[in-house]
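S.K.: Protein chains in written order, with my numbering: chain A, 1 to 322; chain B, 323 to 811.
We put the beta carbon where it would ideally sit given N, CA and C, even for glycine.
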Amino acid sequence: MAVPAITGKGAAEHPAAPFLPAKKSLAKRRGRAGLWFVMPWILGFLLWYAIPMLASLWFSFTDFNLVSNEPTEFIGLDNWAKLFSDPDVRDSVLVTVRFGLIALPVAVFFPMGLAYLLVKKNLKGRETFRALFFMPSIIPFVAAVLIFGGVMNSQIGWVNKILELVGIDGPRWFLDKTYVYPALVFIGLWGVGNAMIIFIASMNSVPSTLYDAAKIDGASEWQSFRHVTLPLISPIIFYNLVIALIGLFNYFVVPFVLYNGSGDPGGATNFYALYFFRVGFQFFNMGYAATLAWALFVAAIAITGLLFWSAKYWVHYEYGRT
Amino acid sequence: MKRWNSVAVVVALMMVIAACGGETGSETTTTTGDTVGTEAPTTTSDDTAEEPSGDRTQIRWFVGIGAGGQPEQAAAQTEVVEEFNASQDEIDLVIEIVDNDVAYETLATQIASDNPPDIIGPVGRDGSNAFSGLYLDLEPLVESTGFDTSIWPEETIENFREPDGTLPGLPFASFPSFIFFNKALFDEAGLPYPPQEYGPDGITVYGEGTEYEGTWDFNKVAEIGAILAVDANGNDATSPDFDGNNTTQWGFVWQWTDRLFQQGSFWGAGYPLTDDGTGDVPQTWEDEWKWYHDAVWGTGFAPGQEELDALGGNAFQSGAVAMAGTHLWYTCCIRDDDNNIAGDFYDLAVMPSNNGVVTTNMHADTFRILASSQHPEEAFTVLTYLLTDAALPLLTAYGAAPADSTLTEDFFASLDERYPQGVNWQVAVDSAAYADVPSHEQFLPGWEQYKEAMDTLQSGLLTDPELDLDAAIPELEANLTAIFEENAE
Numbered sequence: 001m002a003v004p005a006i007t008g009k010g011a012a013e014h015p016a017a018p019f020l021p022a023k024k025s026l027a028k029r030r031g032r033a034g035l036w037f038v039m040p041w042i043l044g045f046l047l048w049y050a051i052p053m054l055a056s057l058w059f060s061f062t063d064f065n066l067v068s069n070e071p072t073e074f075i076g077l078d079n080w081a082k083l084f085s086d087p088d089v090r091d092s093v094l095v096t097v098r099f100g101l102i103a104l105p106v107a108v109f110f111p112m113g114l115a116y117l118l119v120k121k122n123l124k125g126r127e128t129f130r131a132l133f134f135m136p137s138i139i140p141f142v143a144a145v146l147i148f149g150g151v152m153n154s155q156i157g158w159v160n161k162i163l164e165l166v167g168i169d170g171p172r173w174f175l176d177k178t179y180v181y182p183a184l185v186f187i188g189l190w191g192v193g194n195a196m197i198i199f200i201a202s203m204n205s206v207p208s209t210l211y212d213a214a215k216i217d218g219a220s221e222w223q224s225f226r227h228v229t230l231p232l233i234s235p236i237i238f239y240n241l242v243i244a245l246i247g248l249f250n251y252f253v254v255p256f257v258l259y260n261g262s263g264d265p266g267g268a269t270n271f272y273a274l275y276f277f278r279v280g281f282q283f284f285n286m287g288y289a290a291t292l293a294w295a296l297f298v299a300a301i302a303i304t305g306l307l308f309w310s311a312k313y314w315v316h317y318e319y320g321r322t
Numbered sequence: 323m324k325r326w327n328s329v330a331v332v333v334a335l336m337m338v339i340a341a342c343g344g345e346t347g348s349e350t351t352t353t354t355g356d357t358v359g360t361e362a363p364t365t366t367s368d369d370t371a372e373e374p375s376g377d378r379t380q381i382r383w384f385v386g387i388g389a390g391g392q393p394e395q396a397a398a399q400t401e402v403v404e405e406f407n408a409s410q411d412e413i414d415l416v417i418e419i420v421d422n423d424v425a426y427e428t429l430a431t432q433i434a435s436d437n438p439p440d441i442i443g444p445v446g447r448d449g450s451n452a453f454s455g456l457y458l459d460l461e462p463l464v465e466s467t468g469f470d471t472s473i474w475p476e477e478t479i480e481n482f483r484e485p486d487g488t489l490p491g492l493p494f495a496s497f498p499s500f501i502f503f504n505k506a507l508f509d510e511a512g513l514p515y516p517p518q519e520y521g522p523d524g525i526t527v528y529g530e531g532t533e534y535e536g537t538w539d540f541n542k543v544a545e546i547g548a549i550l551a552v553d554a555n556g557n558d559a560t561s562p563d564f565d566g567n568n569t570t571q572w573g574f575v576w577q578w579t580d581r582l583f584q585q586g587s588f589w590g591a592g593y594p595l596t597d598d599g600t601g602d603v604p605q606t607w608e609d610e611w612k613w614y615h616d617a618v619w620g621t622g623f624a625p626g627q628e629e630l631d632a633l634g635g636n637a638f639q640s641g642a643v644a645m646a647g648t649h650l651w652y653t654c655c656i657r658d659d660d661n662n663i664a665g666d667f668y669d670l671a672v673m674p675s676n677n678g679v680v681t682t683n684m685h686a687d688t689f690r691i692l693a694s695s696q697h698p699e700e701a702f703t704v705l706t707y708l709l710t711d712a713a714l715p716l717l718t719a720y721g722a723a724p725a726d727s728t729l730t731e732d733f734f735a736s737l738d739e740r741y742p743q744g745v746n747w748q749v750a751v752d753s754a755a756y757a758d759v760p761s762h763e764q765f766l767p768g769w770e771q772y773k774e775a776m777d778t779l780q781s782g783l784l785t786d787p788e789l790d791l792d793a794a795i796p797e798l799e800a801n802l803t804a805i806f807e808e809n810a811e
């Protein structure tokens, strides 16, 4: 009769040490089986992500142009040198940063505020409101952008028609540099449903005993939010901030759909991702486009890394840990 | 555990096969008309790599970087392909119709991945410029096959010759430009119709014998355009009470011809590249840009970008614009409420002059064989078929005037069937005599970057009432110089 392998905590303490290799072997075999199951993903990752990424890194050192009849040549760091002297890169980075300064706080705190209202027990029709606020995020975003293009059109849009009713001369939302970022942020609010749901889940997971304790200590609503809710949902704020930051780096769909990638008004929507698209898919300059893509990748990694480093000062995981 | 491993391997392999194998080979090789206009490429590279049945040589015809994407056009093209394939047993012609929005990227990718088509077109100068240097010189094939080119005027053929002496295109279609005008809006305003005949040197008179009589030039367009522009309160743009923020009807628009190098050229042909390689915007273009900026933001008789958006882009068809400067290809796009090609509200007028000169921008489309074609002789056989036997149905579908003058009468007769109100097509024929030389689409180094630089300023022209063109034009010229230098050979 075969001796059953001892696994679990008791294995380490069991005097029969020879059984330990059997445990490892079982784990290995199981691991191997798991590896086979994930193999399609690994193959897909290698074929469609890793190899193309490495290829694009190589392209960034070449003059690869899709429609050139000249053979592609290795040009060393020329593309990278150009990156740092290209005024279009500088402008598009500034556009992205300027927009981010408005968009990022809104992308994080608006769904958080919405979630805070929607977890209130005395709010009537809470579930209905949650569904209503979430529903827009299931509509294809391109369709939403097109609709907002009409809704906020200064000539025929109903936003300005309503403003007109109360005696306000509505601005040219998408064609005035002063209003274009607020208008784009406003469109972005259409898709906050996902972030809101995550915030609701995290706020619901805050133990009510902590609020009770705070109440007994005489904490006000604001103090309770500031000193109980905020610290305990800080991991979710951190998560949404990272997601919003990555979304900012890739911000493309809205300006592309609204302005056909023109950068209107006056270059105010010439975002970095748009410039990358133009270089790659309008000028077909794939070598330089690959450089732009890698620069974006490095910047994204660096800033996200900075965020992770800062997390130790303001993100509190303690309560969830056992 | 071995059993588990085996199951895992089988499942993994099945998933990989399912993911990678897909439906390869199961798709059709021809494009149907109803997919065009909204779909991405309808023929995959797997399909196109597929060898035709029998011993036929496969020739791939790529459509999308010019005309050819509208449903009616796709149907006509598909019929032409079927007729060609039925007429002989040497060549299997396969058409790939790609939506114009993605056609450039698709073609570029096919070329870069060593899977290029044999023939592309119809394509104008603009589309051709994007792939400049990749076309086959047709002259050796013309000579070796004895193809009769006498059906076209010699100067029309020479128009396709490159500076290096090669002949990568042969004449097929021409799209002269002129004015489309809305008869009802002129009647309503009590204005005479614009002239339909060019005078000596092209100069003609508007409103002869009326209070509006004067030279038919762009000053006259501005004058009557202001009368034809009306706001929501019924005031026209000559009234001090006119509200330019609530315009409901406009006098004039450059209908899909408002790229700066296009609209500028209507005031006089020019070339923005000097001999020393710097960018220099022709003075006539600068004058026209200022005129049109004032038309949009000053007088207010032309729609700005948001107003164009509100009209759905096709401003003249909306019935809210009295005059549109555009090309013959615009006959593709005047449609009724059911999206059928129809419209009895318009007629044609001659192009106004500027400083005593009439310039009608010309678009010339053709088909081109890529130099990378593995079967240039068979591709040339197809090309000559498209240019001759198949020309009339294709030209009719594209709304293009034939380069072969023997087809002109039949072509306009077919347009009369669509627009039976008695359009004066002679205007189109006569306008060809005033074509822009050099073409506004003459190749420039860094063509796509050049267009992008022009488009940036154009968007300012249509969106920024405060745009200072005197400051913006030198900036544009500096930008063009940098582009030309970067892309100089």
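(1) Less than 8 Å between the C-beta atoms of residue 668 (chain B) and residue 504 (chain B), yes or no?
(2) Quick one: list the residues of chain B neighbouring residue 156 (chain A), beta-carbon separation under 7 Å, in chain order.
(3) Please confirm whether residue 635 (chain B) has its beta-carbon closer than 8 Å to some beta-carbon of chain A.
(4) Take residue 66 (chain A) as the anchor and find which of A:302, A:299, A:285 has the nearest alpha-carbon.
(5) When you compare the CB of residue 628 (chain B) with every CB in chain A, is at least one pair closer than 8 Å?
(6) Using the three-state DSSP reduction, which class does residue 670 (chain B) fall into: helix, strand or coil?
(7) To the nearest angstrom, how far is it from the Cα of residue 231 (chain A) to the Cα of residue 428 (chain B)?
(8) By Cβ distance, which residues of its chain are closer than 8 Å to residue 710 (chain B), with the 5 residues on each side in sequence left out?
(9) Going by CA-CA distance only, name the one from B:397, B:467, B:387, B:584 that's closest to residue 703 (chain B).
(10) Can you name, in chain order, every residue of its own chain whose Cβ lies under 8 Å from the Cβ of residue 715 (chain B), other than the five neighbours on each side?
(11) Near residue 735 (chain B), what residues of its chain come up, given a Cβ to Cβ distance below 8 Å and the 5 sequence neighbours on each side ignored?
(12) Thinking just about the alpha-carbon of each residue, which of B:758, B:743, B:721, B:745 is nearest to the one in residue 303 (chain B)?
(13) Assess contact between the stretch 605 to 624 of chain B and the stretch 788 to 805 of chain B, defined as three or more Cβ pairs (one per stretch) separated by less than 8 Å. Is contact present?
(14) Using a Cβ-Cβ cut-off of 8 Å, state whether residue 433 (chain B) counts as contacting chain A.
(15) Is there at least one Cβ from chain B nearer than 8 Å to residue 322 (chain A)'s Cβ?
(16) Residue range of the alpha helix (DSSP H) that residue 178 (chain A) falls in?
(17) For residue 204 (chain A), would you say it is in contact with chain B, using Cβ-to-Cβ distances shorter than 8 Å as the test?
(18) By how many angstroms is the C-alpha of residue 437 (chain B) removed from the C-alpha of residue 367 (chain B)?
(19) Using alpha carbons as the reference points, say which of A:25, A:81, A:110, A:75 lies closest to residue 237 (chain A).
(20) With distances taken Cα to Cα, identify the nearest neighbour of residue 497 (chain B) among B:543, B:686, B:443, B:408.
(21) Does chain D have any CB closer than 8 Å to the CB of residue 771 (chain B)?
(22) Per DSSP, residue 536 (chain B) forms a beta bridge with which residues?
(23) In the DSSP assignment, find the unbroken alpha helix (DSSP H) run with residue 447 (chain B) in it and report its ends.
(24) Given this structure, state the Cα-to-Cα distance separating residue 433 (chain B) from residue 426 (chain B), to the nearest angstrom.
(25) Report the residue ranges of all beta strand (DSSP E) runs contained in full by the stretch 606 to 662 of chain B; include only those spanning at least 3 residues, in chain order.
(26) Measuring straight from C-alpha to C-alpha, what distance separates residue 94 (chain A) and residue 268 (chain A)?
(27) Please tell me whether residue 453 (chain B) has its Cβ less than 8 Å away from any Cβ of chain A.
(28) On a Cα-Cα basis, can you pick out the residue from B:575, B:616, B:790 that is closest to residue 629 (chain B)?
(29) Can you tell which of B:728, B:594, B:729, B:718 has its C-alpha closest to the C-alpha of residue 806 (chain B)?
(30) State the start and end residues of the unbroken alpha helix (DSSP H) segment that holds residue 224 (chain A).
(31) If you draw a straight line from the C-alpha of residue 343 (chain B) to the C-alpha of residue 39 (chain A), how long is it?
(32) Going by other Cβ atoms of all chains shown within 10 Å of its Cβ, with 16 needed for buried, is residue 47 (chain A) buried or exposed?
(33) Quick one: using the 10 Å Cβ neighbour count with 16 as the cut-off for buried, is residue 607 (chain B) buried or exposed?
(34) If we call anything under 8 Å between Cβ atoms a contact, is residue 638 (chain B) one with residue 544 (chain B)?
(35) DSSP state of residue 789 (chain B), grouped into three classes?
(36) Taking the beta carbon of residue 509 (chain B) as the centre, do at least 16 other beta carbons fall within 10 Å, making it buried, or is it exposed?
M.R.: Reading off the structure:
(1) Result yes, Cβ atoms of residue 668 (chain B) and residue 504 (chain B) sit closer than 8 Å.
(2) Chain B residues near residue 156 (chain A): 632.
(3) The beta carbon of residue 635 (chain B) sits no closer than 8 Å to any beta carbon of chain A.
(4) Measuring from the Cα of residue 66 (chain A), the nearest candidate turns out to be A:285.
(5) For residue 628 (chain B), the nearest CB of chain A lies under 8 Å from its own CB, placing it at the interface with that chain.
(6) Strand at residue 670 (chain B).
(7) Roughly 51 Å separates the two Cα atoms.
(8) Beyond the five residues adjoining it in sequence on each side, residue 710 (chain B) comes within less than 8 Å, by CB distance, of 473, 726 in the same chain, given in chain order.
(9) It is B:467.
(10) Taken in chain order, the residues that qualify are 398, 401, 402.
(11) Apart from the 5 residues on each side of it in sequence, residue 735 (chain B) has no Cβ closer than 8 Å to any other Cβ in its chain.
(12) Past the edges of chain B, shown from 323 to 811, lies residue 303 (chain B), and the structure says nothing about it.
(13) At 8 Å Cβ cutoff, the stretches touch.
(14) Closer than 8 Å to the CB of residue 433 (chain B) there is at least one CB belonging to chain A.
(15) Reliability of the predicted coordinates at residue 322 (chain A) is poor, the pLDDT of 45 falling under 50, and the value obtained from them is presented with this limitation in mind. No, because no Cβ of chain B sits closer than 8 Å to the Cβ of residue 322 (chain A).
(16) Residue 178 (chain A): member of the alpha helix (DSSP H) spanning 177 to 188, first to last residue.
(17) So, not an interface residue.
(18) Reliability fails at residue 367 (chain B), whose pLDDT of 37 lies under 50, so the model's placement of it is uncertain and no value is given.
(19) Nearest to residue 237 (chain A) by C-alpha distance, out of A:25, A:81, A:110, A:75, is A:110.
(20) Ranked by Cα distance from residue 497 (chain B), the first of B:543, B:686, B:443, B:408 is B:686.
(21) Although the question refers to chain D, the structure presented lacks it and instead comprises the protein chains A and B.
(22) B:528.
(23) 447 to 451 is the span of the alpha helix (DSSP H), which, as asked, contains residue 447 (chain B).
(24) Each residue's Cα considered, the two are about 11 Å apart.
(25) Runs found: 643 to 649.
(26) Looking at the backbone, the Cα of residue 94 (chain A) and that of residue 268 (chain A) are separated by about 9 Å.
(27) Chain A contact via Cβ: present.
(28) Nearest C-alpha to residue 629 (chain B): B:575.
(29) The option with the nearest alpha carbon to residue 806 (chain B) is B:594.
(30) Following the DSSP letters along the chain, one finds residue 224 (chain A) inside the alpha helix (DSSP H) bounded by residues 221 to 224.
(31) The pLDDT assigned to residue 343 (chain B) is 40, lower than 50, so where the model puts this residue is not dependable; a value taken from the coordinates is nonetheless given after this. Each residue's alpha carbon lies about 16 Å from the other.
(32) Burial call: exposed.
(33) Around the beta-carbon of residue 607 (chain B), 16 or more other beta-carbon atoms lie within 10 Å, marking it buried.
(34) Taking 8 Å as the Cβ cut-off, residue 638 (chain B) and residue 544 (chain B) do not qualify as a contacting pair.
(35) Here residue 789 (chain B) sits in coil by DSSP.
(36) Exposed: under 16 other Cβ atoms inside 10 Å.
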